[in-house]
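Engineer: Below: one structure in structure tokens.
In this note's numbering, the protein residues as written are 4 to 135.
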């Protein structure tokens, strides 16, 4: 497409939304089309908030903002480790929000009280060596 790849993703999302309406007619067509368009676009571009705002305000469906944002965030996390474009850079902010764990190595000279203090949340941090 001459103008870029964002609006073809929106068009494909609208097509998938129409297919969903034929299968589940109780879903509002605006919500189905906009959520599919957001999901496809965010999977490729990794821009959840911008996609949500563009779709909701260009379509005039500001009431669908929460549904579009939910679809965008689900798509962002579902495809966070799947690069669709060869030159795409991984987003480190997603890594930190998904897999944040407290890390500390336990050494032989640490007391048992120090080791128990590390395990505050009941989950043992990775890379812990118990040589006590």
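Every residue gets a Cβ at the ideal spot worked out from N, C-alpha and C, and that includes glycine.
Quick one: what's got a C-beta closer than 6 Å to residue 19's C-beta in the same chain, skipping five residues either side?
Structural biologist: One-based indexing of the chain shown puts residue 19 at position 16. So the list reads 39, once near-sequence residues are dropped.
Engineer: If we call anything under 8 Å between Cβ atoms a contact, is residue 12 one with residue 44?
Structural biologist: The residue given as residue 12 occupies position 9 in the chain shown. The residue given as residue 44 occupies position 41 in the chain shown. Yes, the Cβ-Cβ distance between residue 12 and residue 44 is below 8 Å.
Engineer: Tell me whether residue 22 is buried or exposed, calling it buried when 16 or more other Cβ atoms sit within 10 Å of its Cβ.
Structural biologist: To locate residue 22, count along the chain shown from 1; it is residue 19. So residue 22 counts as exposed.
Engineer: Alpha carbon to alpha carbon, how far is residue 1 from residue 64?
Structural biologist: Since the first residue of the chain shown is 4 and the last is 135, residue 1 is not available in this structure.
Engineer: So within the stretch 62-90, which uninterrupted beta strand (DSSP E) runs reach at least 3 residues, ignoring any that extend past its ends?
Structural biologist: List check, beta strand (DSSP E) in window: nothing returned.
Engineer: Over what stretch of residues does the alpha helix (DSSP H) that includes residue 12 continue unbroken?
Structural biologist: Along the chain shown, one-based indexing puts residue 12 at 9. Unbroken alpha helix (DSSP H) run through residue 12: 9-26.
Engineer: How many angstroms separate the CA atom of residue 29 from the CA atom of residue 35?
Structural biologist: For the purposes of this step, residue 29 is taken as residue 26 along the chain shown, with counting starting at 1. For the purposes of this step, residue 35 is taken as residue 32 along the chain shown, with counting starting at 1. Going by the C-alpha atoms only, they are around 10 Å apart.
Engineer: Quick check on residue 55: does DSSP put it in helix, strand or coil?
Structural biologist: Numbered from 1 along the chain shown, position 52 holds the residue referred to as residue 55. In the structure shown, residue 55 sits in a helix (DSSP, three-state: H, G or I).
Engineer: For a test of the three-state rule: what should DSSP assign to residue 30, helix, strand or coil?
Structural biologist: Against the chain shown, residue 30 aligns to sequence position 27. If DSSP states are grouped into helix, strand and coil, residue 30 belongs with coil.
Engineer: If you draw a straight line from the C-alpha of residue 71 to the C-alpha of residue 17, how long is it?
Structural biologist: Mapped onto the chain shown, residue 71 falls at position 68. Mapped onto the chain shown, residue 17 falls at position 14. Computed Cα separation, rounded: 13 Å.
Engineer: Assuming residue 59 contacts residue 68 (C-beta within less than 8 Å), just tell me the rounded distance between them.
Structural biologist: What you label residue 59 is simply residue 56 of the chain shown in a count that begins at 1. What you label residue 68 is simply residue 65 of the chain shown in a count that begins at 1. Right, their Cβ atoms sit about 5 Å apart.
Engineer: Helix or strand or just coil, what does DSSP make of residue 48?
Structural biologist: Walking along the chain shown from the start, residue 48 turns up at place 45. Helix, per DSSP.
Engineer: What number of angstroms, rounded off, separates the C-alpha of residue 14 from the C-alpha of residue 7?
Structural biologist: The sequence position of residue 14 within the chain shown is 11, counting from 1. The sequence position of residue 7 within the chain shown is 4, counting from 1. Going by the C-alpha atoms only, they are around 13 Å apart.
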